[in-house]
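A.B. asks:
There are 4 protein chains.
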Amino acid sequence: MSKHNLLDAMIAQAKLSKKQTNKQQKIVETAIKMFAEKGYANTSTSEIAKAAQVAEGTIFRHYGTKDNLLLSVILPFLKESLPTIAEEVFTEVMSKNVVCFEDFLRALLKNRIAFIKENKEIFQIVIKEFLYNENLRNELLPYFSETIGHRLTKVIETYKQRGELVDIPNNIILRLMFTFIGGYFVSRFVLLPEISLMDEEAEIDTAIHFIMNGIKKQSQGG
Amino acid sequence: MSKHNLLDAMIAQAKLSKKQTNKQQKIVETAIKMFAEKGYANTSTSEIAKAAQVAEGTIFRHYGTKDNLLLSVILPFLKESLPTIAEEVFTEVMSKNVVCFEDFLRALLKNRIAFIKENKEIFQIVIKEFLYNENLRNELLPYFSETIGHRLTKVIETYKQRGELVDIPNNIILRLMFTFIGGYFVSRFVLLPEISLMDEEAEIDTAIHFIMNGIKKQSQGG
Amino acid sequence: MSKHNLLDAMIAQAKLSKKQTNKQQKIVETAIKMFAEKGYANTSTSEIAKAAQVAEGTIFRHYGTKDNLLLSVILPFLKESLPTIAEEVFTEVMSKNVVCFEDFLRALLKNRIAFIKENKEIFQIVIKEFLYNENLRNELLPYFSETIGHRLTKVIETYKQRGELVDIPNNIILRLMFTFIGGYFVSRFVLLPEISLMDEEAEIDTAIHFIMNGIKKQSQGG
Amino acid sequence: MSKHNLLDAMIAQAKLSKKQTNKQQKIVETAIKMFAEKGYANTSTSEIAKAAQVAEGTIFRHYGTKDNLLLSVILPFLKESLPTIAEEVFTEVMSKNVVCFEDFLRALLKNRIAFIKENKEIFQIVIKEFLYNENLRNELLPYFSETIGHRLTKVIETYKQRGELVDIPNNIILRLMFTFIGGYFVSRFVLLPEISLMDEEAEIDTAIHFIMNGIKKQSQGG
DNA sequence: TATGAATGAGGATTCATTCAT
DNA sequence: CATGAATGAATCCTCATTCAT
Numbered sequence: 001m002s003k004h005n006l007l008d009a010m011i012a013q014a015k016l017s018k019k020q021t022n023k024q025q026k027i028v029e030t031a032i033k034m035f036a037e038k039g040y041a042n043t044s045t046s047e048i049a050k051a052a053q054v055a056e057g058t059i060f061r062h063y064g065t066k067d068n069l070l071l072s073v074i075l076p077f078l079k080e081s082l083p084t085i086a087e088e089v090f091t092e093v094m095s096k097n098v099v100c101f102e103d104f105l106r107a108l109l110k111n112r113i114a115f116i117k118e119n120k121e122i123f124q125i126v127i128k129e130f131l132y133n134e135n136l137r138n139e140l141l142p143y144f145s146e147t148i149g150h151r152l153t154k155v156i157e158t159y160k161q162r163g164e165l166v167d168i169p170n171n172i173i174l175r176l177m178f179t180f181i182g183g184y185f186v187s188r189f190v191l192l193p194e195i196s197l198m199d200e201e202a203e204i205d206t207a208i209h210f211i212m213n214g215i216k217k218q219s220q221g222g
Numbered sequence: 001m002s003k004h005n006l007l008d009a010m011i012a013q014a015k016l017s018k019k020q021t022n023k024q025q026k027i028v029e030t031a032i033k034m035f036a037e038k039g040y041a042n043t044s045t046s047e048i049a050k051a052a053q054v055a056e057g058t059i060f061r062h063y064g065t066k067d068n069l070l071l072s073v074i075l076p077f078l079k080e081s082l083p084t085i086a087e088e089v090f091t092e093v094m095s096k097n098v099v100c101f102e103d104f105l106r107a108l109l110k111n112r113i114a115f116i117k118e119n120k121e122i123f124q125i126v127i128k129e130f131l132y133n134e135n136l137r138n139e140l141l142p143y144f145s146e147t148i149g150h151r152l153t154k155v156i157e158t159y160k161q162r163g164e165l166v167d168i169p170n171n172i173i174l175r176l177m178f179t180f181i182g183g184y185f186v187s188r189f190v191l192l193p194e195i196s197l198m199d200e201e202a203e204i205d206t207a208i209h210f211i212m213n214g215i216k217k218q219s220q221g222g
Numbered sequence: 001m002s003k004h005n006l007l008d009a010m011i012a013q014a015k016l017s018k019k020q021t022n023k024q025q026k027i028v029e030t031a032i033k034m035f036a037e038k039g040y041a042n043t044s045t046s047e048i049a050k051a052a053q054v055a056e057g058t059i060f061r062h063y064g065t066k067d068n069l070l071l072s073v074i075l076p077f078l079k080e081s082l083p084t085i086a087e088e089v090f091t092e093v094m095s096k097n098v099v100c101f102e103d104f105l106r107a108l109l110k111n112r113i114a115f116i117k118e119n120k121e122i123f124q125i126v127i128k129e130f131l132y133n134e135n136l137r138n139e140l141l142p143y144f145s146e147t148i149g150h151r152l153t154k155v156i157e158t159y160k161q162r163g164e165l166v167d168i169p170n171n172i173i174l175r176l177m178f179t180f181i182g183g184y185f186v187s188r189f190v191l192l193p194e195i196s197l198m199d200e201e202a203e204i205d206t207a208i209h210f211i212m213n214g215i216k217k218q219s220q221g222g
Numbered sequence: 001m002s003k004h005n006l007l008d009a010m011i012a013q014a015k016l017s018k019k020q021t022n023k024q025q026k027i028v029e030t031a032i033k034m035f036a037e038k039g040y041a042n043t044s045t046s047e048i049a050k051a052a053q054v055a056e057g058t059i060f061r062h063y064g065t066k067d068n069l070l071l072s073v074i075l076p077f078l079k080e081s082l083p084t085i086a087e088e089v090f091t092e093v094m095s096k097n098v099v100c101f102e103d104f105l106r107a108l109l110k111n112r113i114a115f116i117k118e119n120k121e122i123f124q125i126v127i128k129e130f131l132y133n134e135n136l137r138n139e140l141l142p143y144f145s146e147t148i149g150h151r152l153t154k155v156i157e158t159y160k161q162r163g164e165l166v167d168i169p170n171n172i173i174l175r176l177m178f179t180f181i182g183g184y185f186v187s188r189f190v191l192l193p194e195i196s197l198m199d200e201e202a203e204i205d206t207a208i209h210f211i212m213n214g215i216k217k218q219s220q221g222g
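Residue numbers (UniProt numbering), protein chains in the order written: chain A, 1 to 222; chain B, 1 to 222; chain C, 1 to 222; chain D, 1 to 222.
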């Protein structure tokens, strides 16, 4: 990771990504598959070149360095995950019939699961490199909390004032939700991508019920 | 990962670990630090040798391969995490005044947090390599579910029959708990090892309360 | 020797040998000299690289492994020694005025001596590695007996029926000839490459006379 | 090969070999087996140590260097092959009922075959290293021609004057015999140690007949 | 005498990167 | 724009040898 400002990198990347050659697309597609499967560090540029049926030089002609290829893979995904989430996702989510926090949660989860499903491999890359690559982690973490965190906090505050949520500090609620939802995404899409205990609808319901009520048997009269 | 049977590796490792030279200890200590910091794939044996003030050959005299060094670091940790957890941990946890599921959870969390705190860096290595290294993942996963899973399921069943837990299948309760507790350990000890929002006691309480009750405001009269 | 089927290796090699870079030629030339001089096991790739004024990586870019470099050196030689000998050599030899077995022998020896002289160093490599490298030996031996052996046996049979050759089993005649001719080639081109007791013509005559008549003084009236 | 004078080495070795520890014997025995099987260059001292159930240091305590271990293996064999052959072997051979050159040849072959059979593995080592190791070759060759060569030449001369042998220069007869007998020993004990076309007696007869008469059918009335 | 831990130079091989075509 | 030959530093690993015990 030589680019130390993720935002700059995103902007630069946006400019670059105007015209993509066939070869470029092939390279990125192949890199995504291989990074996801074996990890960035265990994938050599020559392997990528071979699999993409491209000369090794071509990779470097377009992306300069292997690090930069990783960014070119990750950034478009992040752009849709991080800054815009504050706008698009929340707008879309809120546009539905969101009457209670559970509805909000359901809409949010569905929206993000759909997104990750479409970008499953890149999600795997991001998660793996996020843990493995300290630089990347240090760059991404602030963005997460600043963008998604802020927006979610507002939502939580709203529903708390409606008396729907437990009366503990927002950032703690936030962290509890993150921990569980993050853990859920990781186990569902990275650790055990082929196992599913039930159909998706039921799985989401179970998750939401857990977030809202935990696993304690509710007293009958509740 | 050339050793394909984790159990065999553990046994072999137990035999080997008779006498450890000073240099061996230095090597393992250094390897732990560096693997935890930069990941296995990004740490070269020559770096380790230099940092441990040891000839590179010495590493290979004792551990044969870099893979094997990783195992020598991980296995003793796993031995205390996996098979024995079925006995020791549960025995210890149960020996406390465990009257309800919350008490059980509290005892379990405290026990495991203490263990991870003592082996923080190895835990980081295990988590990172668990995600990054498919072979390792494929070897560890079965052990996890077979040992910890089975035991926990029994406990869950016990408390469910006492009417303390929600009436959904055991394996789903198990997975919900794993997801949250796993996510908690990872975020607490790997992602954000320096940040703590509150003191540990309170943190555990919050976590347990979340697992049991979620974040919904309980109806007054409940 | 990772390639376990010599025939496959030959075919693969034939395909590869399309375009040879300058550097590639330099590498092979240098490798031939050094392998012949010091033996494969005693020649390091870095030595070869230095002597060939090439980066060590270049060797591996083209030949992948040191083993494969050895094959790339040996195979073209073997291709001309083994399978084709059945056709080309015998055809050429037979096309001469071959009226008796001695004529045949003379033509064969001349032909093969010329070939070995042109590839003296590779012949030295083959002989040395043939003895030193069990795998190579196991791969080559069958080819030898199947190709050259079969053809020679036919010739022997032909002349035996004309009453020119002693009446013992063909395979024994074959082995006696092999032993002497092989020993002759090895001592002439590998062991004592600089010593020659007489001019070549005379040497061949002596050898043939020995093969035909041994060293016993023929009875006058014979 | 650091010792450049084989004779000195033999003398030094003779002095050393007074007291041999158990461990020393084990080391030499093991080294012989492994050198014969895989060649000197492909056998590591640690392998030998392990197989001989001896600490690696022990090898060097007794033999100083790996090269020297090779000499310690080879020299006793050579001592019995080279200088003494001039005396013992010829004495023994001549003591039999040696009436003609064929008898002499038969006695010589039997004697040497018995010797090689008893030291088959060392013979394999000597042959392989003789070809592979230029220094060794340069040291051994003179001894061969000076000792065995001289003695055999005398014998040849004797029988030639009796009119038993063909009338060509002695050194040429010598070389023809060497080529065939050497080739025979190598193919019989190194290349194809498990294959034998006939029983030994017959094999020797065939060889002698070939040396004496070649493969030409003798004219009936001869 | 015997050990085996320790060494460090050297071995084969990989890999990101450059550059002439 | 695309190629792929060439590079050489770096990687994991081997090995003969030394030395304190």
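Using N, Cα and C, we set each Cβ at its ideal position, and we do this for glycine too.
Just the Cα atoms here: how many angstroms apart are E56/A and A107/B?
C.D. replies: Cα to Cα, the separation comes out at about 56 Å.
A.B. asks: Could you check what DSSP says for L131/D in three-state terms: helix, strand or coil?
C.D. replies: helix
A.B. asks: Leaving out five residues before and five after M94/B in sequence, what residues of the same chain have Cβ atoms less than 7 Å from its Cβ?
C.D. replies: none
A.B. asks: Rounded to whole angstroms, what's the CA-CA distance from K38/B to V73/A? Just pull it up for me.
C.D. replies: 22 Å
A.B. asks: Does the contact criterion of 3 or more C-beta pairs under 8 Å hold for the segment 179-187 of chain D versus the segment 178-188 of chain C?
C.D. replies: yes
A.B. asks: Rounding to the nearest angstrom, what Cα-Cα distance links V126/D and N135/D in this structure?
C.D. replies: Distance between the alpha carbons of V126/D and N135/D is about 13 Å.
A.B. asks: When the distance is taken between beta carbons, is L141/D closer than 9 Å to L192/C?
C.D. replies: Yes, these two residues count as a Cβ contact at 9 Å.
A.B. asks: Could you list which residues in chain A have their beta carbon closer than 8 Å to that of Y63/B, in chain order?
C.D. replies: Chain A residues near Y63/B: none, gap ~20 Å exceeds 8 Å.
A.B. asks: Taking C-alpha atoms, which residue in K128/C, A52/C, T45/C lies nearest to N68/C?
C.D. replies: T45/C
A.B. asks: Can you list, in chain order, the residues of the segment 30-48 of chain C whose Cβ is nearer than 8 Å to any Cβ on chain D?
C.D. replies: For the segment 30-48 of chain C, the set of residues with a beta-carbon nearer than 8 Å to any beta-carbon of chain D comprises E37, K38, G39, A41, N42, in chain order.
A.B. asks: Does the separation of the CB atoms of M34/B and I215/A fall below 9 Å?
C.D. replies: The answer is no: Cβ separation not under 9 Å.
A.B. asks: Taking only the alpha-carbon atoms, compute the straight-line gap between K120/C and P76/C and give it to the nearest angstrom.
C.D. replies: 14 Å
A.B. asks: Could you tell me whether the Cβ of N133/B comes closer than 9 Å to any Cβ of chain A?
C.D. replies: yes
A.B. asks: Would you verify that the beta carbon of V54/A is, or is not, closer than 9 Å to some beta carbon of chain B?
C.D. replies: No - not a single Cβ of chain B is within 9 Å of the one on V54/A.
A.B. asks: In three-state terms, what does DSSP make of L192/D?
C.D. replies: The answer is coil: DSSP assigns L192/D none of H, G, I, E or B.
A.B. asks: How is the alpha helix (DSSP H) around V186/C delimited, first residue to last?
C.D. replies: 170-186
A.B. asks: Which residue's Cα is closest to the Cα of L109/D: R162/D, I173/D, A41/D, F90/D?
C.D. replies: F90/D
A.B. asks: Roughly how many whole angstroms lie between the Cα atoms of E102/D and E139/D?
C.D. replies: Rounded to whole angstroms, the gap between the alpha carbons of E102/D and E139/D is 32 Å.
A.B. asks: CA-CA distance, N170/A and F189/B?
C.D. replies: A direct Cα-Cα distance of roughly 22 Å separates N170/A from F189/B.
A.B. asks: Note down, in chain order, every chain A residue with its Cβ under 7 Å from the Cβ of S187/B.
C.D. replies: T179
A.B. asks: Could you tell me whether any Cβ in chain A is nearer than 9 Å to the Cβ of A207/B?
C.D. replies: yes
A.B. asks: Does DSSP put L197/D in a helix, in a strand, or in coil?
C.D. replies: coil
A.B. asks: Considering Cα atoms alone, identify which of I32/B, F115/B, N42/B is closest to L70/B.
C.D. replies: I32/B
A.B. asks: In three-state terms, what does DSSP make of K216/A?
C.D. replies: strand
A.B. asks: If you measure between the beta carbons of A36/D and Y132/D, is that distance less than 9 Å?
C.D. replies: Not closer than 9 Å, so no.
A.B. asks: Please name the residue or residues paired with L165/D in a DSSP beta bridge.
C.D. replies: Beta-bridge partners of L165/D (DSSP): K216/C.
A.B. asks: Count the other C-beta atoms from every protein chain shown that fall within 10 angstroms of the C-beta of L197/D, then say buried if there are 16 or more, exposed otherwise.
C.D. replies: exposed
A.B. asks: Report buried or exposed for R175/C, applying the criterion of at least 16 other Cβ atoms within 10 angstroms of its Cβ.
C.D. replies: buried
A.B. asks: What do you get for V54/A, buried or exposed, if any count of 16 or more other CB atoms within 10 angstroms of its CB means buried?
C.D. replies: buried
A.B. asks: Provide the residue span of the alpha helix (DSSP H) that contains N22/B, from first to last.
C.D. replies: 22-38
A.B. asks: Could you list which residues in chain A have their beta carbon closer than 9 Å to that of D67/B, in chain order?
C.D. replies: Result: empty, since nearest Cβ-Cβ is about 13 Å, beyond 9 Å.
A.B. asks: Any beta-carbon of chain A closer than 9 Å to the one on L152/B?
C.D. replies: no
A.B. asks: Which residue from I122/C, H209/C, C100/C, E129/C puts its Cα closest to that of E157/C?
C.D. replies: C100/C
A.B. asks: For chain B, find out if any of its Cβ atoms is closer than 9 Å to the Cβ of E164/A; answer yes or no.
C.D. replies: It does: the Cβ of E164/A has a partner Cβ on chain B nearer than 9 Å.
A.B. asks: Establish whether the CB of I113/A and some CB of chain B are separated by less than 9 Å.
C.D. replies: no
A.B. asks: Determine whether the Cβ of V190/D lies closer than 9 Å to any Cβ atom of chain C.
C.D. replies: Under the Cβ criterion of 9 Å, V190/D is counted among the residues facing chain C.
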